[in-house]
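Structure record follows, encoded as structure tokens.
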Amino acid sequence: MDAVAWGLMGGVVALLIIATVVVNLLRRRLPDRLNPALLENISSRLRAWWLLLAGLAGALMLGKTATVVLFFLISFWTLREFITIAPTRPGDHRALFWVFVLATPAQYLLVALAQYELFAILIPVYAMLFLHARIALSNDPVQFLERTAKIQIGLMICVYCLSYTPALLTALPLDPDGYSPNVRLLFFFVLITQLNDALQFAWSQLPSRHYIVPNINPARTWEGLLGGAASVTLLGALLSWATPFGSSWVAAGMALAVALAGFAGGITMSAIKRDRGVKDYGTLVEGHSGVLDRLDSLCFAAPVFFHLTKLYFHYVPFAAG
Amino acid sequence: MIPHFLRILLAQIAQLLSGASVRWVDCQPDTCQRIYFANHTSHLDAVVIWSSLPIAVRAVTRPVAAKDYWAAGPIRRYLSEKVFNALLIDRQDIKVHQTPIQEILNAVGDRYSLILFPEGGRSSGEEVGEFKSGLYHLARRRPDLELIPVYLDNMNRILPRGEFLPVPLLTRITFGPPMWLEQGEHKQAFLERARAAVVRLRDL
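Read top to bottom, the protein sequences are chains A and B. All residue numbers for the first sequence refer to my numbering, where the first residue is 640 and numbers rise by one. All residue numbers for the second sequence refer to my numbering, where the first residue is 92 and numbers rise by one.
Following this line, the structure appears as structure tokens:
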């Protein structure tokens with residue numbers, strides 16, 4: 640980690656401290672003037688951000704491998720949240736076992752080894768072939784396609800897509816002398832996804848509300864999407880000094896892409912939850928959000944950000960300093 | 092000393108593996124003498140319930156388990172006898188003067204609580220099966236024990252019958268309000284009521 644990354648992290652810590660203090664003051668001073676559900680939502684987001692920041696900062700300080708391991712653990716946990724709410728049949732048991740103990744670690748091993756050609760196809764091709772054949776072998780044809788689809792999409796979103804986040808460190812060689820530009824890239828990406836979540840949420844609190852998909856998510860409004868995406872694009876431009884991208888236009892464009900992909904992730908995961916009739920992933924207890932509820936936008940945005948960045952540096956060579 | 096550390100360690104591992112969220116509905120953890128009775132779908136059920144109790148409660152709570160499974164092999168025997176302090180019941184060899192109920196009553200004394208599975212064996216997990224009469228006889232002989240219904244969610248998907256490798260999904264354990272055998276309540280009515288108390292927790 641270099642001075643820029645430390646500075647960025649310090650800024651985030653300061654922001655989080657201010658937000659935590661303000662929220663706690665509001666809770667204490669004006670307990671009856673504010674919507675308690677809204678405050679609880681904000682507090683739970685803050686707790687998640689503190690955890691994410693602590694994990695990420697610790698892992699990035701320890702190095703590439705630690706960061707890959709951190710995201711492996713997050714993938715493992717989100718996959719178990721996902722499969723827990725997805726109905727499976729006893730015939731899927733063995734296939735699920737291999738999904739957890741083989742496919743998930745193998746994906747992250749390939750990311751750690753920077754084998755881009757392999758980790759890009761492991762789950763969409765080989766895990767997919769294995770999964771379907773293994774479930775066919777269980778001799779239970781009831782709802783075969785539904786069962787395989789549920790497990791495959793869980794693997795794709797929770798493991799495959801999310802693994803592109805640590806791949807920003809390992810599989811995008813920018814600077815032959817070290818990987819601190821990659822650390823900044825990863826930090827910028829995670830920061831933008833989380834700011835996007837927060838800003839879309841904040842903008843959707845406006846009194847004017849035009850719902851986008853009220854049957855799927857009654858909280859997502861056009862005001863939230865447009866306001867959030869615009870402010871995140873602006874923040875991306877303002878933060879371009881901290882990114883390896885040479886221009887603020889590029890940083891802004893990347894932030895916009897992340898904002899749109901993050902929105903897509905949010906509504907897709909809402910659609911799955913609606914279909915299953917649950918409000919949150921995670922604890923199986925009403926009202927407690929799971930890890931996947933917080934990271935749905937990150938899962939969707941990670942491959943988009945990775946490939947756009949790879950494409951950009953394919954045409955525009957990285958300039959250090 | 093070693094069993095003590097193992098106890099804490101295994102409870103932590105079980106909690107992590109089962110990812111259990113624990114709910115107490117109209118009931119609080121307590122060291123008073125109780126019988127926790129739950130639906131039964133996996134070999135891990137007793138360990139998962141036991142590890143979800145607070146340490147002080149865990150220390151006085153003994154799972155009732157089948158001897159043919161938990162005494163097979165040195166590791167299982169060590170774990171069940173020394174670590175979980177389980178009460179192993181022989182399902183095959185029932186003697187006339189030493190019925191399982193008498194064995195359990197002797198072991199409970201005035202100190203211990205029990206975890207037991209009144210279905211007798213593991214079910215497939217879709218439905219809670221009929222309860223065997225053991226719970227009724229215990230309740231009749233020891234009317235002072237609180238009977239706590241417990242519902243285990245998802246354990247049938249973590250380690251179903253006939254599988255030996257667990258899939259690490261998340262579980263939920265729900266403890267319900269205590270119940271007792273009513274004055275003059277018949278065996279069948281009581282067992283139905285107890286079963287309904289467990290099933291009710293599933294939909295809460």
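Here a beta-carbon is modelled for each residue, glycine too, at the ideal position from N, C-alpha and C.
| Check | Outcome |
| --- | --- |
| Proximal chain A residues relative to residue 260 of chain B, where beta-carbon distance stays under 7 Å | 719, 722 and 723 |
| Per-residue DSSP class, three states only, for residue 914 of chain A | helix |
| Contact residues within the segment 237-269 of chain B, judged by C-beta distance below 7 Å to chain A | 244, 245, 248, 251, 254, 256, 258, 259, 260, 261 and 263 |
| Minimum Cβ-Cβ distance from residue 110 of chain B to chain A less than 8 Å | yes |
| Contacting residues, own chain, Cβ-Cβ under 6 Å from residue 143 of chain B (five flanking each side not counted) | 111, 113 and 264 |
| Three-state class that DSSP yields for residue 263 of chain B in the structure shown | strand |
| Residue-chain proximity (residue 849 of chain A, chain B), Cβ-Cβ < 8 Å | no |
| 8 Å contact criterion, which residue 267 of chain B and residue 243 of chain B should meet: CB distance rounded | With a Cβ gap of about 12 Å, residue 267 of chain B and residue 243 of chain B do not count as contacting. |
| Neighbouring residues, chain B, relative to residue 735 of chain A (Cβ below 7 Å) | 258 |
| Integer Cβ distance of residue 735 of chain A from residue 722 of chain A, believed to fall under 8 Å | 7 Å |
| Any C-beta of chain B under 8 Å from that of residue 739 of chain A | yes |
| Proximity below 8 Å, CB of residue 739 of chain A to CB of residue 750 of chain A | no |
| Same chain only: Cβ atoms within 7 Å of residue 849 of chain A, ignoring 5 sequence neighbours per side | 860, 861 and 862 |
| Proximal residues of chain B, C-beta to C-beta of residue 729 of chain A below 9 Å | 215, 216, 247, 248, 251, 252, 253 and 254 |
| Touch test, the segment 235-251 of chain B against the segment 210-224 of chain B, Cβ-Cβ under 8 Å, three pairs minimum | yes |
| Residues near residue 145 of chain B in its chain [Cβ-Cβ closer than 7 Å; skip 5 each side] | 120 |
| Residue 206 of chain B beta carbon less than 8 Å from that of residue 152 of chain B | yes |
| Test: residue 732 of chain A CB closer than 8 Å to a CB of chain B | yes |
| Closest residue to residue 610 of chain A among A/855, A/866, A/686 and A/958 (Cα-Cα distance) | Residue coverage of chain A in this structure runs from 640 to 960, which leaves residue 610 of chain A outside it and unanswerable. |
| Residue 94 of chain B: first and last residue of the uninterrupted alpha helix (DSSP H) it sits in | 93-109 |
| Where the beta strand (DSSP E) containing residue 128 of chain B begins and where it ends | 125-129 |
| First and last residue of the uninterrupted alpha helix (DSSP H) at residue 748 of chain A | 743-751 |
| At least 3 beta-carbon pairs within less than 8 Å: the segment 646-654 of chain A vs the segment 826-834 of chain A | yes |
| Rounded C-alpha distance that separates residue 209 of chain B from residue 168 of chain B | 22 Å |
| Segment limits, alpha helix (DSSP H) that includes residue 785 of chain A | 783-793 |
| Buried or exposed (CB count within 10 angstroms, at least 16 for buried), residue 880 of chain A | exposed |
| Cross-strand partners of residue 677 of chain A (DSSP beta bridge) | Residue 677 of chain A is not bridged to any residue. |
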